[in-house]
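Written below as structure tokens is the structure these notes are about.
2 protein chains.
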Amino acid sequence: MDDDVWQWDTRADCEVRQILDRIADKWSLLVIALLERRTMRFTELRREIDGVSQRMLTVTLRHLERDGLVERTVHPVVPPRVDYALTPLGATLHEVIKSLVVWTEEHQNHIAVARSAYDARIAAEERLLGAP
Amino acid sequence: MDDDVWQWDTRADCEVRQILDRIADKWSLLVIALLERRTMRFTELRREIDGVSQRMLTVTLRHLERDGLVERTVHPVVPPRVDYALTPLGATLHEVIKSLVVWTEEHQNHIAVARSAYDARIAAEERLLGAP
DNA sequence: CTGAATCCGATCAGATACTG
DNA sequence: CAGTATCTGATCGGATTCAG
Numbered sequence: 001m002d003d004d005v006w007q008w009d010t011r012a013d014c015e016v017r018q019i020l021d022r023i024a025d026k027w028s029l030l031v032i033a034l035l036e037r038r039t040m041r042f043t044e045l046r047r048e049i050d051g052v053s054q055r056m057l058t059v060t061l062r063h064l065e066r067d068g069l070v071e072r073t074v075h076p077v078v079p080p081r082v083d084y085a086l087t088p089l090g091a092t093l094h095e096v097i098k099s100l101v102v103w104t105e106e107h108q109n110h111i112a113v114a115r116s117a118y119d120a121r122i123a124a125e126e127r128l129l130g131a132p
Numbered sequence: 133m134d135d136d137v138w139q140w141d142t143r144a145d146c147e148v149r150q151i152l153d154r155i156a157d158k159w160s161l162l163v164i165a166l167l168e169r170r171t172m173r174f175t176e177l178r179r180e181i182d183g184v185s186q187r188m189l190t191v192t193l194r195h196l197e198r199d200g201l202v203e204r205t206v207h208p209v210v211p212p213r214v215d216y217a218l219t220p221l222g223a224t225l226h227e228v229i230k231s232l233v234v235w236t237e238e239h240q241n242h243i244a245v246a247r248s249a250y251d252a253r254i255a256a257e258e259r260l261l262g263a264p
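Those protein sequences? They're chains A and B, same order as listed. Position 13 of the first sequence, counted from 1, bears residue number 13 in this note's numbering, the numbering being contiguous throughout. Numbers given in this note's numbering equal positions in the second sequence, counted from 1, plus 132.
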């Protein structure tokens, strides 16, 4: 059974890979995390997500909407008002994403130590090669 | 408590974001999934992962090694033999990744339907605009 | 306010050639 | 076998401008 689950990873063009690439992109995780709390407007999202450009937020939201993870609601008022909300499907994804973020939170110190050790080892090797 | 966990997502430069970008990249997930089964050699990984170039596999493995997720072992024989194995830290990450892949497997049909509906709706709107 | 469209520099990643 | 180095086309993404 486990073997069946992991069969996917040998094929480049399979559906799972496409979806993984989508939900693993830079801003999608953040958008989903924020919308899980509550419905938000475009400008609210832009203000909350530090570093995102207007263009990339728009692109990200369109992708999420297309995949059925986010619902876009246009209110016919002036000035325009557009609300973004997580769909039920998006909510189930959020549960999975949450475990990923929690793991990162718990292990970031461990990883920082590993990086320092690696960098120190590489630097030491380069000194050996530089002065033979 | 939930609020603390999700505090991270408003800052672009925080450690968690860097780590997420790393483990969410195109090939890392596949490498970790394969190495969880058993230790593998460079060429074995390359053959198993459809579509990866030699360069990108090397880069991915160096990143994972630096983060302490993968261990690289060089055997001083000819021809050269290099084994890659998941570290204990990498193994804990695999558990999290697995839930992500399982979610994708379970919902890929749902997403495919949503995409079709979205594309059809966009196409219909464009027809309305094209022939007024 | 919420976008769409365009331009353009930066980065990424594949192909190729070379090495121990 | 297991890489490194280099070149180059492709893609990404930010800044800017315009529109409903």
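We treat Cβ as the ideally placed atom computed from N, Cα and C, and that holds for glycine.
Sub-7 Å separation of residue i and residue j beta-carbons
i: G51(A); j: A246(B); result: no
i: E48(A); j: L29(A); result: no
i: L57(A); j: R66(A); result: no
i: L168(B); j: H226(B); result: Correcting the residue identity first, residue 168(B) is Glu in this sequence and not Leu. Yes. Within cutoff.
i: V206(B); j: F174(B); result: no
i: V77(A); j: T236(B); result: no
Contact with chain B by residue i, beta-carbon distance below 7 Å
i: L100(A); result: yes
i: R121(A); result: no
i: D3(A); result: Bear in mind that a pLDDT of 42 at D3(A), under 50, signals an unreliable position, so the number given afterwards is only what the model happens to contain. Not closer than 7 Å to any Cβ of chain B, the Cβ of D3(A) fails to qualify, so no.
i: W187(A); result: A query on residue 187(A) cannot be resolved here, the shown segment of chain A reaching from 1 to 132 and no further.
i: H63(A); result: no
i: T60(A); result: no
The ligand MN heavy atom lying under 6 Å from the CB of residue i
i: H242(B); result: Among the ligands in the structure shown, none appear at all, so the ligand MN cannot be discussed.
Cα-Cα separation, residue i to residue j
i: A249(B); j: R22(A); result: 18 Å
i: E71(A); j: T87(A); result: 6 Å
i: V101(A); j: R259(B); result: 42 Å
i: T171(B); j: L152(B); result: 24 Å
i: D2(A); j: I97(A); result: In this predicted model, D2(A) has a pLDDT of only 44, less than 50, meaning its place in the structure is not dependable enough to derive any value.
i: W138(B); j: I32(A); result: For W138(B), the pLDDT reaches just 49, beneath the cut-off of 50, and the residue's location in the model is therefore unreliable, although a value from the coordinates is still provided. The alpha-carbon atoms of W138(B) and I32(A) are separated by roughly 11 Å.
i: A156(B); j: A255(B); result: 32 Å
i: I243(B); j: L61(A); result: 15 Å
i: N241(B); j: C14(A); result: 12 Å
i: E125(A); j: D119(A); result: 10 Å
i: V59(A); j: S231(B); result: 26 Å
i: Q18(A); j: K158(B); result: 10 Å
i: Y84(A); j: E44(A); result: 10 Å
i: P212(B); j: L196(B); result: 21 Å
i: T224(B); j: R121(A); result: 25 Å
i: S53(A); j: R187(B); result: 31 Å
i: R221(B); j: L89(A); result: It is worth fixing the name first, because residue 221(B) is Leu in this sequence and not Arg. Each residue's Cα considered, the two are about 30 Å apart.
Residue span of the alpha helix (DSSP H) that contains residue i, given as start and end
i: R47(A); result: 42-48
i: R17(A); result: 15-23
Residue i at chain A interface by Cβ criterion, 7 Å
i: V148(B); result: yes
i: I164(B); result: no
i: W138(B); result: Caution applies to W138(B), whose pLDDT of 49 falls short of 50 and renders its modelled position unreliable; the value that the coordinates give is listed next. Yes, its Cβ sits closer than 7 Å to a Cβ of chain A.
i: T171(B); result: no
i: L189(B); result: no
i: L152(B); result: yes
i: R259(B); result: no
i: A156(B); result: yes
i: P264(B); result: Note that P264(B) has pLDDT 48, beneath the 50 cutoff, so the model's placement of it is unreliable and the number below is only indicative. Not closer than 7 Å to any Cβ of chain A, the Cβ of P264(B) fails to qualify, so no.
Terminal residues of the beta strand (DSSP E) in which residue i lies
i: T158(A); result: Here chain A has residues from 1 to 132 only, and residue 158(A) is not among them.
i: V70(A); result: 70-75
i: R169(B); result: Taken as a continuous stretch (DSSP letters only), R169(B) belongs to no beta strand (DSSP E), being part of the alpha helix (DSSP H) at 160-169.
i: V82(A); result: 81-86
Give, in chain order, every residue of the region 198-224 of chain B whose Cβ lies closer than 9 Å to some Cβ of chain A. Going along the region 198-224 of chain B in chain order, one finds R198, D199, G200, L201, T219, L221, T224 with a Cβ nearer than 9 Å to chain A.
Give the residues from the region 101-116 of chain A that approach chain B closer than 8 Å (Cβ to any Cβ), ordered along the chain. Listed by position along the chain: V101, V102, W103, T104, E105, H107, Q108, H110, I111, A112, V113, A114, R115.
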